[in-house]
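Report on one structure; see the data block that follows.
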Amino acid sequence: MSLFWRIFLLNAAVLITATLLLLGPVTVSTPVLLTEAIVLTVGLAAMLIANAALLRIGLAPLRRLARAMTTIDLLQPEPRLVAVGSGGTAELIRAFNAMIDRLEAERAASAAAALSAQEAERRRVSQELHDEVGQTLTAMLLELKQVARHAPEPIRAQLAGVQETTRDSLDEIRRIARRLRPGVLEELGLVSALKALTSEVTGHTDLTVEQHLAADLPVLGREAELVIYRVAQEALTNTVRHGKATAVGVNLEHRGGFVRLHVRDDGRGIGGAPEGSGIRGMRERALLIGAHLGVGPALGGGTEVRLTVPVGEAGGRP
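What follows is the structure, encoded as structure tokens:
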């Protein structure tokens, strides 16, 4: 029975019952006696209370559905609503769940294509920086060295400063190229790539990095390793740029059929600030491999990022 007919018949039953009572044992005098007024008032209150209670019970699934519609976030999947209720209510909830399943599948497919294109573009830019800009700066260093060798002393000192600036620029170009395309990840694996990442952070900032990286990790797919690396990279980048932290810990372990990455700093935390594109990008990457990402305040202050990746047959949600 549809919601319309249930509400209609409910109200009809209440009105018919009231009419029968007025035509039967309950009568109203003119003027209305006090006892009759009390009976009518109590009866009306009872009908209103019964009507409100029955409507609240009948419309409860719709209220839950409306709340889910206003809070749903495709980047943070939640358990689906249970299709309870009679008539069209359960059908509406099932349709809503099917719509969310379809939207999540479409978003995952589009995000996978976008991230794949992004990684390809990063590789291309990294290669061009390394091959073209890097080689050009290297040639400039050689020419400056040759010119400085035959230059008089005052100019030689100036050329030495130019050489140092060019050498610093070359190092920065190489660092950017490594961030765009982590070659060590493809050549030496995830643990070595994370060690190189933390070494790079400590080499260019005053941040103290404490790392605990398990060496007995199971075999992960190339995509899963890239997601773990990019999440760690983004977490450390946020710590350096926004966290105002002095220390950060990076932990990677394999336990209970899951590989867990934990990055925690002692900075100012995220507070009530809305999630930026970096965190949402991490969530999109996590969804691609069925992982769970948690970002929030750490105990004692700071921010922590937790990525839980299912491995093998444990590929359910943690």
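The numbering of the sequence shown is the UniProt record's numbering, which starts it at 1 and goes up by one. Positions of the beta carbon are idealized from the N, C-alpha and C atoms, including for glycine.
Taking residue i as the reference, give the member of the options with the closest Cα.
| i | options | result |
| --- | --- | --- |
| Ala247 | Met282, Gln211, Glu234 and Glu253 | Gln211 |
| Gln300 | Ala291, Arg268, Arg283 and Pro79 | In the sequence under discussion, the amino acid at residue 300 is Gly, which differs from the Gln named in the question. For the residues Ala291, Arg268, Arg283 and Pro79, the minimum Cα distance to Gly300 belongs to Arg268. |
| Glu225 | Gly256, Glu104, Ser192 and Arg149 | Ser192 |
| Val250 | Glu234, Thr136 and Lys244 | Glu234 |
| Gly278 | Val295, Asp171 and Val147 | Val295 |
| Val209 | Ala12, His262 and Thr166 | His262 |
| Pro218 | Glu187, Leu44, Pro310 and Arg167 | Pro310 |
| His242 | Thr35, Glu223, Gly276 and Ala160 | Gly276 |
| Leu288 | Ala109, Gln118, Leu34 and Arg6 | Ala109 |
| Ala160 | His150, Leu144 and Ser169 | Leu144 |
| Ile93 | Leu185, Leu55, Leu142 and Arg64 | Arg64 |
| Glu119 | Thr136, Arg222 and Thr70 | Arg222 |
| Ala139 | Ala98, Ser169, Ala111 and Ala196 | Ser169 |
| Leu48 | Glu153, Thr166, Ala12 and Thr136 | Ala12 |
| Met69 | Phe96, Asn51, Gly43 and Ala46 | Phe96 |
| Leu236 | Phe258, Leu220, Met282 and Gly257 | Met282 |
| Asn238 | Ile270, Asn51 and Ile57 | Ile270 |
| Pro79 | Glu104, Pro154 and Glu91 | Glu104 |
| Thr71 | Ile100, Pro152 and Gly302 | Ile100 |
Might you give, ordered along the chain, the residues of its own chain that have their beta carbon closer than 6 Å to the beta carbon of residue i, omitting 5 neighbours on each side?
| i | result |
| --- | --- |
| Ala298 | Arg264 and Glu304 |
| Lys244 | Gly267 and Arg268 |
| Ala129 | The question names Ala, but residue 129 in the sequence shown is Leu. For Leu129, where only same-chain residues beyond five positions count, the Cβ hits under 6 Å are Ile173 and Ala177. |
| Val184 | Ser192, Ala193 and Ala196 |
Note down, in chain order, each residue of its chain lying with its Cβ closer than 7 Å to the Cβ of residue i, except the 5 sequence neighbours on either side.
| i | result |
| --- | --- |
| Arg285 | Leu115, Val227, Arg230 and Val231 |
| Asp73 | none |
| Val240 | Val201, Thr205 and Leu207 |
| Leu15 | none |
| Arg122 | Leu180 and Arg181 |
| Val162 | Leu144 |
| Glu186 | none |
| Arg156 | Ala148 |
| Val125 | Leu180 |
| Ala112 | Leu288 |
Can you tell me which residues form a DSSP beta bridge with residue i?
| i | result |
| --- | --- |
| Ala247 | Thr208 |
| Arg122 | DSSP output for Arg122 lists no bridge partner at all. |
| Asp265 | Val248 |
| Pro310 | Phe258 |
| Glu284 | Answer is none; Glu284 lacks a bridge partner. |
| Glu253 | Arg260 |
| Leu213 | Leu252 |
So what does DSSP say about residue i, is it helix, strand or coil?
| i | result |
| --- | --- |
| Pro154 | helix |
| Gly296 | strand |
| Pro218 | coil |
| Glu225 | helix |
| Val84 | coil |
| Leu75 | coil |
| Gly301 | coil |
| residue 325 | Past the boundaries of the shown model lies residue 325; the chain is included only from 1 to 318, so the question cannot be answered. |
| residue 369 | In the structure displayed, the chain extends from 1 to 318; residue 369 sits before or after that span and is not available. |
| Arg181 | coil |
| Gly189 | coil |
| Ala291 | coil |
| Ile270 | coil |
| Gly276 | coil |
| Ala98 | helix |
If residue i and residue j are in contact, beta carbons under 8 Å, what's the gap, nearest whole angstrom?
| i | j | result |
| --- | --- | --- |
| Thr308 | Arg260 | 5 Å |
| Ala214 | Glu253 | 5 Å |
| Gly134 | Arg174 | 6 Å |
| Leu54 | Leu81 | Actually they are not in contact, since the Cβ atoms of Leu54 and Leu81 sit about 22 Å apart, beyond 8 Å. |
| Thr166 | Leu141 | 6 Å |
| Gly43 | Ala18 | 7 Å |
Can you name, in chain order, every residue of its own chain whose Cβ lies under 8 Å from the Cβ of residue i, other than the five neighbours on each side?
| i | result |
| --- | --- |
| Arg280 | Leu75 |
| Asp216 | His254 |
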